[in-house]
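So the protein lines, in turn, are chains A, B, C and D. Just so you know, the first sequence maps onto residues 1 to 141 in our numbering. Just so you know, the second sequence maps onto residues 142 to 282 in our numbering. Just so you know, the third sequence maps onto residues 283 to 423 in our numbering. Just so you know, the fourth sequence maps onto residues 424 to 564 in our numbering. Ideal placement from N, C-alpha and C gives every residue a C-beta, glycine not left out.
4 protein chains.
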Amino acid sequence: MDTFIDHHVRVRYAETDQMGIVYHSNYLIWMEVGRVEYCRAKGILYRDMESQEGILLVVAEANCRYSSPALFDEEVLIRTRIGDATPRMVRFEYEMRSGGDARLLASGFTKHVFCNRERKATKLPGMYRTAFGILGENGRG
Amino acid sequence: MDTFIDHHVRVRYAETDQMGIVYHSNYLIWMEVGRVEYCRAKGILYRDMESQEGILLVVAEANCRYSSPALFDEEVLIRTRIGDATPRMVRFEYEMRSGGDARLLASGFTKHVFCNRERKATKLPGMYRTAFGILGENGRG
Amino acid sequence: MDTFIDHHVRVRYAETDQMGIVYHSNYLIWMEVGRVEYCRAKGILYRDMESQEGILLVVAEANCRYSSPALFDEEVLIRTRIGDATPRMVRFEYEMRSGGDARLLASGFTKHVFCNRERKATKLPGMYRTAFGILGENGRG
Amino acid sequence: MDTFIDHHVRVRYAETDQMGIVYHSNYLIWMEVGRVEYCRAKGILYRDMESQEGILLVVAEANCRYSSPALFDEEVLIRTRIGDATPRMVRFEYEMRSGGDARLLASGFTKHVFCNRERKATKLPGMYRTAFGILGENGRG
């Protein structure tokens, strides 16, 4: 099992709603932040993969289970790992925890298809496969 | 099976990202719009249920599968129905389609727990149960 | 003076914050909606101007004065007009009012520079000038 | 003149639009982040001022001039200072610069009225005045 890469964000006022807690769609944005930082930790700049190699990670599915509300100004620990990857797709898994008391805020996953600049499905170039944990042609090691 | 309640929104520039398509977390916001309009069509003002009765629909899970990208200025048809409801929780199901060619953009669900103003789990007051399709004490008719 | 083009939006839950009112940056998004609808009313599809003619309205300045808070589920009237336009730039002015009691929520302006696809300043093609109220080469009629 | 308090954020993919740059309303959210960090640097937790003392900084006006576009994954330096403050209101000023080449991205201000929990104008309690640079009863030092 892949190990989590950790990153912290602080809850913005803009992310709260009138219930006094973080609006639920913002967790998907935190997952995106976690994903980009996962790539950075593995030596990949997501922005370069997109702008230089023309590889887009188009989102095919997103899921989030909410356990405990996140509050304004709270530090949030975003933990990201790869659950599955092939040359065609990658599935990231996430845990979001309070930076204070470590309580679980939410967990979830996103599934992505590797696409080219025209947003057509493509294969991940070999140079990126190790970082994504893809060993062979047909799947994850 | 519950029938869909339909509502249209138009894609805002702010909702696009540098991939040239709608950023994926915005579909969860469209689901919220669909949910509020579903309630309105059933004779419930969500804002009154919250402010007057103190009933909150706290999101416990959200899921979205993305089929085809939505584009700036496109009309989007949001179709919302209740998939399951008990006095304790409700599960909404959604389809989002292009208002133009009716192609499927995304589908998904959200699961909510009825809570009081302190965000503690509670039972949905009887006055709202018919609108949510809850017939008996323990579940959906 | 140009006359206002009117358009309505309904406040989304996602647009509120923990103060129980609409978070202030969302008014700039409503201005964008008003701007796009202003163009549509004048016979211009903003999306075509951008994708077909390669004309971008890059924001140079935005200003908003907040008079009264907008609340969840409230209908908001967005009133948009052009305050000034030359072949190089355009300044839109906005009023946002409650759709219910017509109280002023906010007013403001945005100033835009016409740019090409490389985001370099350019002149607005002649075919669009009438719609923007630009009569001569050097400014507004 | 008050000195700037500096804070860094990294541009999120969600903050970009189809022009390939940060959507302009997000700068107002960065200003909010700068404001909260300004308060923290001065020994004030904005969240406590709001939840414990019931003091809200309701936004009365926001202004932003955009100089150079911010790009995905770029580090942004947010510089925040107080331009003016009285027991009734405070005006924050901001500069946003690229963390890389220090080019100016945008500058602006927000003006806030101190309000109580009912969002009625009130006076800032004495305990906070020094942090906001308010020396006398009627204005800034």
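Quiz item: Roughly how many angstroms separate the alpha carbons of residue 147(B) and residue 221(B), rounded to a whole number?
Solution: 7 Å
Quiz prompt | Beta carbon of residue 233(B) nearer than 8 Å to that of residue 176(B) | solution = Contact flag set, yes.
Quiz prompt | Same chain only: Cβ atoms within 7 Å of residue 341(C), ignoring 5 sequence neighbours per side | solution = 392, 394
Practice problem: Locate the alpha helix (DSSP H) running through residue 530(D), then write down its first and last residues. | Solution: Careful: residue 530(D) lies outside any alpha helix (DSSP H), inside the beta strand (DSSP E) at 527-538.
Quiz item: Does DSSP classify residue 483(D) as helix, strand or coil?
Solution: strand
Exercise. Go to residue 88(A), then tell me how far its beta strand (DSSP E) extends in each direction, as first and last residue.
Key: Neither: residue 88(A) is in no beta strand (DSSP E) and is coded neither H nor E.
Quiz item: With burial defined as no fewer than 16 other Cβ atoms inside 10 Å of the residue's Cβ, what is the status of residue 8(A): buried or exposed?
Solution: exposed
Self-check item: For residue 85(A), the nearest candidate out of 123(A), 19(A), 44(A) (CA to CA)
Solution: 123(A)
Quiz item: For residue 240(B), does the three-state DSSP call read helix, strand or coil?
Solution: coil
Quiz item: Nearest CA to the CA of residue 452(D): which residue from 495(D), 487(D), 513(D), 539(D)?
Solution: 487(D)
Quiz item: For residue 346(C), which residues in chain D fall below 9 Å Cβ to Cβ?
Solution: 451, 482, 484, 485, 486
Quiz item: Of all Cβ atoms in chain D, is any one closer than 8 Å to the Cβ of residue 306(C)?
Solution: yes
Quiz item: Taking the Cβ atom as the reference point for each residue, do residue 379(C) and residue 359(C) lie within a distance shorter than 8 Å?
Solution: yes
Quiz item: Are residue 257(B) and residue 184(B) touching if we call contact CB-CB under 8 Å?
Solution: no
Quiz prompt | is_contact[residue 155(B), chain D] using C-beta, thresh 8 Å | solution = yes
Quiz item: What residues in the stretch 484-513 of chain D bring their beta carbon closer than 9 Å to a beta carbon of chain B?
Solution: Against chain B - using a Cβ distance shorter than 9 Å - the residues of the stretch 484-513 of chain D are 494, 495.
Quiz item: Should residue 20(A) be flagged as near chain C, meaning a C-beta pair shorter than 8 Å?
Solution: Chain C contact via Cβ: present.
Exercise. Find the residues of chain B that neighbour residue 328(C), judging by a C-beta separation of less than 9 Å, and give them in chain order.
Key: 154, 213, 214
Self-check item: Cα-Cα separation between residue 186(B) and residue 302(C), rounded to whole angstroms
Solution: 17 Å
Quiz item: Around the C-beta of residue 544(D), are 16 or more other C-beta atoms found within 10 angstroms, so that it is buried, or is it exposed?
Solution: exposed
Quiz item: Hey, would you say residue 223(B) sits closer than 8 Å to residue 273(B), going by beta carbons?
Solution: In this structure, residue 223(B) lies near residue 273(B), with their beta-carbon atoms less than 8 Å apart.
Quiz item: In the structure shown, what three-state DSSP assignment does residue 444(D) receive?
Solution: coil
Quiz item: Exposed or buried, what is residue 17(A) when buried is set at 16 or more other beta-carbons lying within 10 Å of its beta-carbon?
Solution: buried
Quiz prompt | Beta-carbon proximity list for residue 438(D), same chain, < 7 Å, skipping 5 on both sides | solution = The beta carbon of residue 438(D) lies closer than 7 Å to those of 445, 446, 449 in the same chain, with the five residues before and after it left out.
Exercise. Please decide whether residue 456(D) counts as near chain A, where near means a Cβ-Cβ distance under 8 Å.
Key: Residue-level contact check: residue 456(D) touches chain A, since one or more beta carbons of chain A fall below 8 Å from its beta carbon.
Quiz item: Cα separation between residue 181(B) and residue 407(C)?
Solution: 45 Å
Self-check item: Simplified DSSP state of residue 456(D), which is helix, strand or coil
Solution: helix
Quiz prompt | For residue 576(D): DSSP bridge partner residues | solution = Limits of chain D in this structure are 424 at one end and 564 at the other, which puts residue 576(D) out of reach.
Quiz item: residue 158(B) touches chain D at which residues, Cβ-Cβ below 8 Å?
Solution: 436, 437, 439, 440, 441
Self-check item: Three-way DSSP call (helix, strand, coil) for residue 359(C) in this model
Solution: strand
Self-check item: Euclidean distance between Cα positions of residue 490(D) and residue 528(D)
Solution: 5 Å
Exercise. Put residue 408(C) into one of helix, strand or coil per three-state DSSP.
Key: helix
Quiz item: What residues from the stretch 113-132 of chain A come within 8 Å of chain B, judged by C-beta to C-beta, listed N to C?
Solution: 119
Quiz item: Could you check where the beta strand (DSSP E) with residue 288(C) kicks off and where it finishes?
Solution: 287-292
Self-check item: Contacting residues, own chain, Cβ-Cβ under 7 Å from residue 49(A) (five flanking each side not counted)
Solution: 55, 128
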